Structures are given as structure tokens and as C-alpha cells.
Amino acid sequence: MPPSSSRRPHARRTASTIAILTDFGYRDHYVGAMRGVIASIAPDAQVIDLTHGIPAQQVIAGAIALRESWRYFPRRTIFLAVVDPGVGTERLPIAIETRAGARFVGPDNGLLSLAANETGPWRAVKLTAARYRLKEVSATFHGRDIFAPAAAWLARATEVDKLGPPLAKIHELQLPQVVQAGRVLRGEILYVDGFGNLVTNIDRARLTLFKACFPADQLFVRIKGGAPMRILDAYGDASVGDSLATLGSFGMLEIAVRDGSAAARFAAGPGAPLTVGVGRR
Numbered sequence: 000m001p002p003s004s005s006r007r008p009h010a011r012r013t014a015s016t017i018a019i020l021t022d023f024g025y026r027d028h029y030v031g032a033m034r035g036v037i038a039s040i041a042p043d044a045q046v047i048d049l050t051h052g053i054p055a056q057q058v059i060a061g062a063i064a065l066r067e068s069w070r071y072f073p074r075r076t077i078f079l080a081v082v083d084p085g086v087g088t089e090r091l092p093i094a095i096e097t098r099a100g101a102r103f104v105g106p107d108n109g110l111l112s113l114a115a116n117e118t119g120p121w122r123a124v125k126l127t128a129a130r131y132r133l134k135e136v137s138a139t140f141h142g143r144d145i146f147a148p149a150a151a152w153l154a155r156a157t158e159v160d161k162l163g164p165p166l167a168k169i170h171e172l173q174l175p176q177v178v179q180a181g182r183v184l185r186g187e188i189l190y191v192d193g194f195g196n197l198v199t200n201i202d203r204a205r206l207t208l209f210k211a212c213f214p215a216d217q218l219f220v221r222i223k224g225g226a227p228m229r230i231l232d233a234y235g236d237a238s239v240g241d242s243l244a245t246l247g248s249f250g251m252l253e254i255a256v257r258d259g260s261a262a263a264r265f266a267a268g269p270g271a272p273l274t275v276g277v278g279r280r
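With the first letter of the sequence shown counted as 1, position 101 gets the number 100 in numbering that gives the first Met the number 0; the numbers rise by one all the way through.
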């Protein structure tokens, strides 16, 4: 017999998703301990390891990876991010709730700011409420003792306001500026991915604007005084072993080596300068 209109079946509650990003690597127990804390508090939460391969203490790399990932997750996902060289110092532990639905938990060192600012309006709190952290908090592992519990309690539908007092602002990460000097655009490497590709701070919009100033010219890229490289559409457009520049999945200019490592070839990493110049076709 079908249920009457006065006795409708309950809608199935969807478990929250927690996505974890850290620089902890895959050797030690740190990530497993965080997942254990989450399972103890919110056993129904779906936990996804976004990555634990962020280079150690490279906040910019973590912030970029988070910014480039959050929009591909379900709307109410909680992003638990820990790249925290200042753990145990005066930097604040925070949680951010956004109008777009995404929630972010982690240290207030700029790691969360690039992603949060792309979501539109947000509000932040300082994670101080004793009920929503472990009983004993170490000075070196806030990922386990503060951030994982906060993320788990959010997954259990705890309101962000209960985790601590509001913050009027968060620490904003400032990426290096791109500078145009005549017919040259100067940038730098921000991030090296696992393939050795060198991701720069020059994005598609800035490159398009620069190109519009010299419509009859061909763009080329140099790093560390090396030979000029053309900007190609895909890695496969270069011959095996050749260097190239391309606009990668981040929408940012990157330097690569077909079937090789640009980081190794150019002995370059974060902070290394590069230039985009123009020449006649």
C-alpha cells in the first residue's frame, strides 16, 4: 500500500564529503591519524585524499592546488588543508564558510585564501571551542588535534559559528606580480608539479593582454637565459625531449619538456624568473 500524503517517507540524508590536502607525504602516519580522528567523530563522512604531495612547507603550492580543485567537488564539501610551517606559533587555526557552499578548515597563513576568495562572500571563525577539538592539543600536530576534529564536526552538521568567535579578515596570500617592461613580460615559477612542469604566475588573461600589444609578433618564452621556446597548445605538439611552453590546466603559463622534466633540465623551482618576449614571425 503506498504511503498517504500525510506520511511521506523520509528523504535519505547525504553524507558530507571531507577532502584533505597536506604536505605530509605518504611515508608517515600523520594523514592516517587525521583520518582516524574524522572516523571517530563522523564515521559516515566520505573522505577524499585530494593530495598529500604538496612540497614540504610550500604554502603557495598548496594554495594553488586548493584553488584549482575546490569547484570540482560537491557543493557542501569541507576542505581540510594543512600546509603549516607556523604550527604552534601565533598564526590562527580557522574555518571558513562560503556562500558558494564550500567550507575550508586549516591554518590562517594564506593557504585557504586563494580558494575562498574565488567562492564569493565568506565568513570565518577562529577555532577555539574546546568541545570541537581533541582534549590534548600538541604544539606540532594541529592537523590531528584541531583541524581534523573541526572538519568532522562540520560534517556532522555543526554550525561553523559554534567552533569559535568570528574573524573580520583572514591572512591574504600575495602571489608575485607579473611585470611588463616594454616588449618583455617578466614572471616567475610558482609551483613544480610531479611531472617536473614549471607552473608560472602568468595567466591566460595577462598573456592575451600582452599579445594584443604586439599583434604582428610571435611570443616566445625564456627561462634562466636559455633558448627561446614557443607557446604550444599541448605537450604532444613538441618533439620528444624538446622544451616548450603551454597554458596548462591551471590556466597559467607553464614550461615543460616533452616526456621529461623541465625542473630537472633547467634546475629551476619556485622563485626562478622567466620572461615572455616577442619577435617577428
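Backbone N, C-alpha and C fix where the C-beta goes; we use that ideal spot for every residue, glycine too. Computed from a prediction, not measured in an experiment: that's the story for all the values here.
Residue ranges of each alpha helix (DSSP H) within the region 107–147, 4 or longer: 112–117
Can you give the Cα-Cα distance for A99 and A115, rounded to whole angstroms? 9 Å
Buried versus exposed call for H28 [16 or more other C-beta atoms within 10 Å across all chains shown]: exposed
Considering only DSSP beta bridges, list what L246 is partnered with. L252
Quick one: what's got a C-beta closer than 6 Å to F213's C-beta in the same chain, skipping five residues either side? V277
How far does the alpha helix (DSSP H) with T207 in it reach, from first residue to last? 203–211
Nearest-angstrom Cα distance between V275 and D192? 21 Å
Pick out whichever of T76, G109, D83, Y234 has its Cα sitting closest to the Cα of E96. T76
Check whether the region 74–89 and the region 50–62 touch, using three or more Cβ-Cβ pairs below 8 Å as the test. yes
Since I believe G105 is in contact with A138 (beta carbons under 8 Å), could you give me their beta-carbon distance rounded to a whole number of angstroms? About 17 Å separates the two Cβ atoms, so there is no contact after all.
Mind checking who Q217 pairs with in its DSSP beta bridge? G278
Could you compute how far the alpha carbon of L153 sits from the alpha carbon of R66? 21 Å
Would you mind reading off the limits of the alpha helix (DSSP H) that contains L174? Per DSSP, L174 belongs to no alpha helix (DSSP H) and is neither H nor E.
Per DSSP, which residues does Q45 bridge with? Please list them. T16
With H, G and I counted as helix, E and B as strand and the rest as coil, what does DSSP make of V36? helix
Take F249 as the anchor and find which of D43, A64, L20 has the nearest alpha-carbon. A64
CB contact flag (P148, R122, <8 Å): no
Residues of its chain near K210, where Cβ-Cβ distance is below 7 Å and the 5 sequence neighbours each way are ignored: L218
Length of the line joining the Cα atoms of P272 and D241: 20 Å
Between I145 and the rest of its own chain, which residues show a CB-CB distance below 7 Å, the 5 nearest in sequence each way excluded? P92, L126, R132, V136
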